[in-house]
Every structure is written in structure tokens, then in C-alpha cells.
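Residue numbers 877 to 1140, in the working numbering, belong to the letters of the sequence shown in order. Every residue gets a Cβ at the ideal spot worked out from N, C-alpha and C, and that includes glycine. Notes to accompany the following structure.
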Amino acid sequence: MKPARIIVICIAAVAAIGLALVVRAMGSPSGQPAAVASAAAPVETRPMAKVLVAAKDLQPGQRLTEGDMEWKDWPVDEVNPVFITDGSVPIPSAATPSPAEKAGDRPAGAVASVTRAANDLATGGAKADYIGSVVREPILAGEPIVMRKIVRAGDSGYMAAYLEPGMRAMAIRVTVETAAGGFILPGDRVDVVLTRETNLSNLGATEGDRSKFASATVMQNIKVLAIDQSTRAGDDEQAVIGATATLEVGPRDAEALALAKSEG
877 MKPARIIVIC
887 IAAVAAIGLA
897 LVVRAMGSPS
907 GQPAAVASAA
917 APVETRPMAK
927 VLVAAKDLQP
937 GQRLTEGDME
947 WKDWPVDEVN
957 PVFITDGSVP
967 IPSAATPSPA
977 EKAGDRPAGA
987 VASVTRAAND
997 LATGGAKADY
1007 IGSVVREPIL
1017 AGEPIVMRKI
1027 VRAGDSGYMA
1037 AYLEPGMRAM
1047 AIRVTVETAA
1057 GGFILPGDRV
1067 DVVLTRETNL
1077 SNLGATEGDR
1087 SKFASATVMQ
1097 NIKVLAIDQS
1107 TRAGDDEQAV
1117 IGATATLEVG
1127 PRDAEALALA
1137 KSEG
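Rendered as C-alpha cells:
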């Protein structure tokens, strides 16, 4: 046999052996190495806390009910200290000093410390603790409820949640007749009309006509804050019968209203 033919046969044999090894390697099972890799990298679970959020859009002046709030799972490392939690999971960030405290600014640091301590006391507990609170600022559905945006019943500043800056709250007596049959509700706007008895004897009137009643509009477009102690009508409530109406007035209007109350 010629040497050239022998070389060709050897090369073909080596190529066949190499091809057989490649095919064998490709056909071998690979499930076991994948299982080992997956076992080496377990899925990390983040600790979750329960945060109180708005179940629907809430408007200023609205009184919170149980259906207005709900608990939502929130990653512990993303919980702001001002969020209201159920207290079941400790929040590490609640103890983090403020920048003012870190910088050594004593006045600002003291205020921050007091504020943080107040938040720590107020931002935990049951949902029932916040039923009846009044919304101070708009809260969107799914947004965490914070103490800055609500006023709890019995807290100082409860009425201040309704008042615009610089305004005053004054109450006047009302009846079913003067309050439009009870259809004037908190949030409505009204005119205040003064009716008083006028003595006409000095104008030469006869004895039978000396006592007359006169009416005059004292104020217009005044916001009603509350009827008795109700600051918001119920969802299905169309009329409220009360003995007093609390109005939102400016400083000068407050003086005029006080004078009108003394005259009639």
C-alpha cells in the first residue's frame, strides 16, 4: 500500500473517533449539574410589614371609616418611620437619627427627636384606632396614611383641620325653618340673614304699627363646617336636623356675626 493512502486512512480514522466523542458528549444528561446550580442559589425572601393605606381616594374633611383603610404588605427596608404599621414587625429605620441630629444641630435635632418619638408612639396599632379621624389633606388610593394628613378624634386641632388659614369658626343657632328644612349639610355655603324687631315710634308711627321686623343679609357665601357635632354628612344622608351650625368666617365677619347674634 502506498504511503499516501496510509496517511489518508489514518486521518479519516482520527476524524471518526473525534466525531464519536463529540456526539457522545452532546447526548449525555445535563439535569444533575443544573439542579446543583439551582440549589446553590436559593431565592431570597424580603421581610414584609403591614402598612395602613387608603382603600380609596380620600378628601379633606372626610371622616375615616373601616372601609376607607386597609393593610398592605410593604418591604420592611422601604417603610418610612411616619407610616402607620400594625406593630407586628420592628422597623429598623424608625430609630435612624435625622440629618440634624447627626450634624449636631441641637435645636433642630431636638425638634426632630421629639417628632420622631411622637411618630413612634402614634404609628402603630389597630385600624380601629383611626376610625373617626378626619382627613386634613387629600390621600390617594393605595397611599400610606400618615399622621400629618389626618386628625384623630379628640386630638387638639380637630376643628383646625377644616379651617382655612386665618379663618375663624363660629356657631349660630338654627332651626328646621332657618336651615332649609335640614337640607343644609356640612360643606355647603350659605347666606346669613339677620331678622330683628324695629321700634318705629320715633318715626311717628301709630301705636299699633310701632313694632315691626326688618331683615338684612349680613354675610354671603359662608362655608358650613358642621351641623351640631357632625362635620360630614353620611353617604346616603340628604338632610341633617341640628340646633347649631358652625360657620367658617374671617376676622371681620366674626365681629359682624357676633354683633348680629346679639341683635336678633
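One or two residues paired with E1040 in a DSSP bridge:
Your numbering for residue 1040 matches position 164 in the sequence shown. Its beta-bridge partners do not exist; DSSP assigns none.
In or out: T1051 buried (at least 16 other Cβ within 10 Å) or exposed?
As a working mapping, residue 1051 is identified with position 175 in the sequence shown. Exposed, because fewer than 16 other Cβ atoms sit within 10 Å of the Cβ of T1051.
Does the Cβ of A901 lie closer than 7 Å to at least one heavy atom of the ligand HEM?
For the structure depicted, the ligand HEM is absent and the ligand set is empty, with no information on it obtainable.
Cα separation between I1178 and E1124?
The structure shown does not extend to residue 1178, since the chain is modelled only from 877 through 1140, so no value can be given for it.
Three or more beta-carbon pairs under 8 Å between the segment 1115-1123 and the segment 946-962, yes or no?
no
In whole angstroms, what separates the C-alpha of P966 from that of G1058?
Along the sequence shown, one-based indexing puts residue 966 at 90. Along the sequence shown, one-based indexing puts residue 1058 at 182. Computed Cα separation, rounded: 49 Å.
In the DSSP output, which residue or residues are listed as bridge partners for K1088?
Walking along the sequence shown from the start, residue 1088 turns up at place 212. DSSP lists T1074 as partners of K1088.
Between A1136, V1022, L1070 and T1122, which lies nearest to A1036 when the distance is taken from Cα to Cα?
For this step, residue 1036 is matched to residue 160 along the sequence shown. For the residues A1136, V1022, L1070 and T1122, the minimum Cα distance to A1036 belongs to T1122.
Report, in whole angstroms, the separation of the C-beta atoms of I960 and V927, which I expect to be a contact under 8 Å.
As a working note, residue 960 is residue 84 in the sequence shown. As a working note, residue 927 is residue 51 in the sequence shown. That belief holds up - the Cβ atoms of I960 and V927 are roughly 7 Å apart, short of 8 Å.
In the DSSP assignment, what residue or residues form a beta bridge with D1069?
Counting from 1 along the sequence shown, the entry for residue 1069 is found at position 193. This sequence places Val at residue 1069; Asp is not what is there. Under DSSP, V1069 shares a beta bridge with T1093.
Nearest CA to the CA of V958: which residue from T941, K1088, G894 and V929?
As a working note, residue 958 is residue 82 in the sequence shown. Nearest option by C-alpha distance: V929.
Three-way DSSP call (helix, strand, coil) for E1124 in this model
Position 248 of the sequence shown, counting from 1, holds the residue named residue 1124. The answer is strand: DSSP assigns E1124 an E or B state.
Cα-Cα separation, T1093 to V1066:
Along the sequence shown, one-based indexing puts residue 1093 at 217. Along the sequence shown, one-based indexing puts residue 1066 at 190. Rounded to the nearest angstrom, the two C-alpha atoms are 11 Å apart.
Give me the Cβ distance between K838 and M945, rounded to the nearest whole Å; I'm assuming they're in contact under 8 Å.
This structure gives no information on residue 838, because the portion of the chain shown stretches from 877 to 1140.
In angstroms, rounded to a whole number, what distance separates the CA positions of A1134 and N1097?
Residue mapping note: residue 1134 aligns to position 258 of the sequence shown, counting from 1. Residue mapping note: residue 1097 aligns to position 221 of the sequence shown, counting from 1. The straight-line gap from Cα to Cα measures roughly 17 Å.
Between the Cα of E942 and the Cα atoms of R922, A880, E954 and Y1006, which residue gives the shortest distance?
In the sequence shown, the residue the question calls residue 942 occupies position 66. For the residues R922, A880, E954 and Y1006, the minimum Cα distance to E942 belongs to Y1006.
Just the C-alpha distance for D1129 and F1089, rounded to the nearest angstrom, thanks.
What you label residue 1129 is simply residue 253 of the sequence shown in a count that begins at 1. What you label residue 1089 is simply residue 213 of the sequence shown in a count that begins at 1. Spanning the two alpha carbons is a distance of roughly 23 Å.
Pairwise C-alpha distance: E954 and D933
Numbered from its first residue, the sequence shown carries residue 933 at position 57. Numbered from its first residue, the sequence shown carries residue 954 at position 78. Cα-Cα distance, rounded: 23 Å.
Please work out which residues of its chain come closer than 6 Å, Cβ to Cβ, to A1136, disregarding the five sequence neighbours upstream and downstream, and give them in chain order.
Mapped onto the sequence shown, residue 1136 falls at position 260. So the list reads L1070 and V1094, once near-sequence residues are dropped.
Determine, using beta carbons only, whether G1118 comes closer than 8 Å to chain C.
No chain C appears in this structure, which consists of one protein chain only.
V1100 beta carbon less than 8 Å from that of P1062
In the sequence shown, the residue the question calls residue 1062 occupies position 186. In the sequence shown, the residue the question calls residue 1100 occupies position 224. Result yes, Cβ atoms of P1062 and V1100 sit closer than 8 Å.
Three-way DSSP call (helix, strand, coil) for R1049 in this model:
Looking up residue 1049 in the sequence shown gives position 173. R1049 falls in the strand class under three-state DSSP.
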